[in-house]
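Undergrad:
Right under this line is the structure:
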């Protein structure tokens, strides 16, 4: 489970007596992530494993469109 923040907006418009269309955009940010991996053989005498670190932002965009029929 991750925590973060979201910001966005959208709207809905009537296009006929019983029909509406809608659009929405969201930006989601779940913070920064850092991952460290160790590679190399450690079963040989004097062998030192290599260490790799990668850092990245965990965010994404959501776009939605839709249509509604009202009974």
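Numbering (my numbering), first residue to last: 1 to 71. The beta-carbon is built from N, C-alpha and C at its ideal position, and this holds for glycine as well.
1. Measure the beta-carbon distance from residue 28 to residue 4 and round it to whole angstroms, keeping in mind my assumption that it falls under 8 Å.
2. Could you compute how far the alpha carbon of residue 14 sits from the alpha carbon of residue 63?
3. On the DSSP bridge assignment, give the partners of residue 15 in chain order.
4. Cα-Cα, which of 26, 21 and 37 is closest to residue 54?
5. Could you pull the start and end residues of the beta strand (DSSP E) that residue 66 belongs to?
TA: Taking the coordinates as given:
1. A Cβ-Cβ separation of about 6 Å places residue 28 in contact with residue 4 under the 8 Å criterion.
2. For residue 14 and residue 63, the distance between alpha carbons rounds to 20 Å.
3. Here residue 15 is not bridged, per DSSP, to any residue.
4. Distance from the Cα of residue 54 is smallest, within the candidate group 26, 21 and 37, for 37.
5. In the DSSP assignment, residue 66 falls within the unbroken beta strand (DSSP E) covering 50-69.
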